[in-house]
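One structure is given here, and the rest of the page talks about it.
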Amino acid sequence: MKTITIIAAIARNNEIGRKGDLLWHIPADLRHFKTLTQGSTVIMGRKTWESLPKRPLPKRCNIVITGNRDYEAPGAVIAHSLQEALEIAANSAVENTSSSRIFIIGGGSIYSEAMPLADKLEITHIDADAPDADTFFPVISPQEWRLISESAPEEDSTTPSITFRTYERK
Ligand SMILES: NC(=O)c1ccc[n+]([C@@H]2O[C@H](COP(=O)([O-])OP(=O)(O)OC[C@H]3O[C@@H](n4cnc5c(N)ncnc54)[C@H](OP(=O)(O)O)[C@@H]3O)[C@@H](O)[C@H]2O)c1
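According to the numbering used here, the sequence shown is numbered sequentially starting from 234.
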């Protein structure tokens with residue numbers, strides 16, 4: 234069985250996006266995302282796919298969920314539901330790797346749908362508010378999730394401080 238991991242960067246009030254884009258582009262977080270997801274399968278909603286500066290994400294099997302039967306996403310596999318995406322991911326192999334991990338990489342609608350199915354959360358907590366955000370991460374309930382690791386805060390003079398936390402389902 235492959236592990237299902239949700240990976241997201243969330244601000245203090247669970248804000249994750251604005252007008253189809255990330256709230257901040259934080260280099261240390263983008264490196265963390267790349268390190269964790271390379272060699273694995275990534276599942277995303279159609280809007281997140283369209284927000285990627287480079288498509289598909291290299292060295293990963295990219296799966297895009299859309300309700301549109303005519304949608305084309307060159308370099309990615311299309312699925313028409315989260316369940317279909319997970320079935321494709323369960324059988325996918327990424328070249329030159331033996332990864333058994335599936336990452337749900339957003340956005341808001343896919344995170345909400347995937348939360349009850351996930352085994353693990355890899356959350357970058359951004360120490361800032363984003364009052365103009367329009368997309369949010371679901372609540373991480375302490376009844377359901379146990380914090381298993383936490384990094385020291387990473388500071389950068391031009392972007393908010395971030396902390397990486399890993400949660401496991403209780
Ligand atoms: N901070 C972070 O870590 C992070 C990560 C990823 C994304 N984001 C941000 O999140 C925002 C995008 O999130 P979003 O919620 O607006 O969009 P999204 O989840 O990326 O994509 C939504 C689209 O996915 C398809 N979809 C979703 N559920 C479906 C289902 N059950 N069956 C079939 N299709 C389904 C639909 O596509 P169709 O309309 O084509 O049918 C829907 O319009 C952006 O601002 C992005 O930058 C933030």
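The beta-carbon is built from N, C-alpha and C at its ideal position, and this holds for glycine as well.
The Cβ atoms of F336 and T268 do not sit closer than 8 Å to each other. For R302, same chain residues with a beta-carbon under 8 Å away, outside a window of 5 residues either side, are H313 in chain order. Between S333 and K235, the gap from beta carbon to beta carbon is short of 8 Å.
In this structure, ligand 1 has a non-hydrogen atom nearer than 7 Å to the beta-carbon of S284. Ranking C294, Q316, I259 and M348 by CA distance to the CA of P307 puts C294 first. Under the DSSP assignment, G341 falls in the alpha helix (DSSP H) whose first and last residues are G341 to A347.
A contact between stretches requires three or more CB pairs, one per stretch, nearer than 8 Å, and the stretch 242-261 meets this requirement with the stretch 337-347. Within the chosen limit of 7 Å, ligand 1 reaches the beta carbon of E346 through at least one heavy atom.
P349 and L315 have their alpha carbons spaced roughly 12 Å apart. Distance from the CA atom of R264 to the CA atom of P364, rounded to whole angstroms, is 26 Å. In the three-state DSSP reduction, W282 falls in the helix class (H, G or I). Distance from the C-beta of T396 to the nearest heavy atom of ligand 1 is not below 7 Å. Ligand 1 approaches I343 closely enough that one of its heavy atoms is under 7 Å from the residue's Cβ.
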